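Take a look at the structure set out below.
Chains as they are written, first to last, in our numbering: chain S, 2 to 113; chain X, 5 to 118.
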């Protein structure tokens, strides 16, 4: 498969554990945030998004938390499974623009 | 099936030989974009298009061209490829507007320039 990064921060967890992946963003004007999952050999896939007027949003097994005070975003994955092993990217969008700016990613490794 | 397709998936070429990577989406999306992905640098935008005949530079446009003659297609052109353009390339599309900014990505094109 395609190598997406040789020097990514890595989070290693056991199957069944909860995972928390963090992301710091830089633009205080960003009004929309999104998390993507990228498996080896594939393009990024949407996981969950959140607007800046929210602090928390939940999906199926995933929760995104947004702390605008410290410009921090986190993705929580409950009961992590081996199929969750991938690289996870956060992205932010500036007010009034369509463009997404992506972080460098975190590799999640889930051991059985 | 809603999807973004790219061709070719893998390409090895030599310096200076013009090439085109095609991108097509079947979701009637207005917005399309090209990214390159390099180790430690994440996804960086090359060019984007807000609609037919409307294109603009992203963060790393040097050495690339694009065109948007039809809504569904957004080819990436390297007129004279160089080794520093060796990378993994992704095309993406999304609905233009405020309802969603989710971008749908293609499977990627691995380009090696020798």
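In this text, a Cβ means the ideal position worked out from N, Cα and C, and glycines have one as well. Owing to the predicted nature of the structure, the values given are computational and were not obtained by experimental measurement.
Quick check: what's the CA-CA separation for residue i versus residue j?
i	j	result
residue 70 of chain S	residue 56 of chain S	11 Å
residue 1 of chain S	residue 66 of chain S	Nothing about residue 1 of chain S can be read from this structure; chain S reaches only from 2 to 113.
residue 15 of chain S	residue 83 of chain S	9 Å
residue 37 of chain X	residue 56 of chain X	12 Å
residue 34 of chain S	residue 106 of chain X	10 Å
residue 53 of chain X	residue 113 of chain S	43 Å
residue 77 of chain S	residue 64 of chain S	5 Å
residue 91 of chain S	residue 84 of chain X	33 Å
residue 11 of chain X	residue 101 of chain S	24 Å
residue 99 of chain X	residue 108 of chain X	10 Å
residue 86 of chain X	residue 68 of chain X	11 Å
residue 114 of chain X	residue 89 of chain X	10 Å
residue 96 of chain S	residue 52 of chain S	11 Å
residue 24 of chain S	residue 7 of chain X	28 Å
residue 103 of chain S	residue 29 of chain S	15 Å
residue 92 of chain X	residue 41 of chain X	5 Å
residue 94 of chain S	residue 23 of chain X	31 Å
residue 37 of chain S	residue 10 of chain S	16 Å
Report the three-state DSSP secondary structure of residue i (helix, strand or coil).
i	result
residue 7 of chain X	coil
residue 68 of chain S	strand
residue 82 of chain S	coil
residue 96 of chain S	coil
residue 89 of chain X	helix
residue 33 of chain X	coil
residue 55 of chain S	coil
residue 18 of chain S	coil
Should residue i and residue j be called a contact, given that it needs their Cβ atoms to be closer than 8 Å?
i	j	result
residue 44 of chain X	residue 44 of chain S	no
residue 117 of chain X	residue 9 of chain X	no
residue 108 of chain S	residue 88 of chain S	yes
residue 64 of chain X	residue 48 of chain X	yes
residue 110 of chain S	residue 13 of chain S	yes
Does any CB atom of chain S fall closer than 8 Å to the CB of residue i?
i	result
residue 78 of chain X	no
residue 45 of chain X	yes
residue 111 of chain X	yes
residue 106 of chain X	yes
residue 72 of chain X	no
When you compare the CB of residue i with every CB in chain X, is at least one pair closer than 8 Å?
i	result
residue 26 of chain S	no
residue 15 of chain S	no
residue 105 of chain S	yes
residue 101 of chain S	yes
residue 44 of chain S	yes
residue 38 of chain S	no
Using a Cβ-based criterion (distance less than 7 Å to any ligand heavy atom), does residue i qualify as near the ligand ATP?
i	result
residue 23 of chain S	You won't find the ligand ATP in this model; it holds no ligand whatsoever.
Notebook entry, point to check: On the three-pair Cβ rule with 8 Å, is the region 59 to 78 of chain X touching the region 25 to 37 of chain X?
Noted result: Yes, they touch.
Checklist line | Segment contact, 8 Å Cβ cut-off, at least three pairs: the region 74 to 83 of chain S with the region 16 to 36 of chain S | finding: The region 74 to 83 of chain S is in contact with the region 16 to 36 of chain S.
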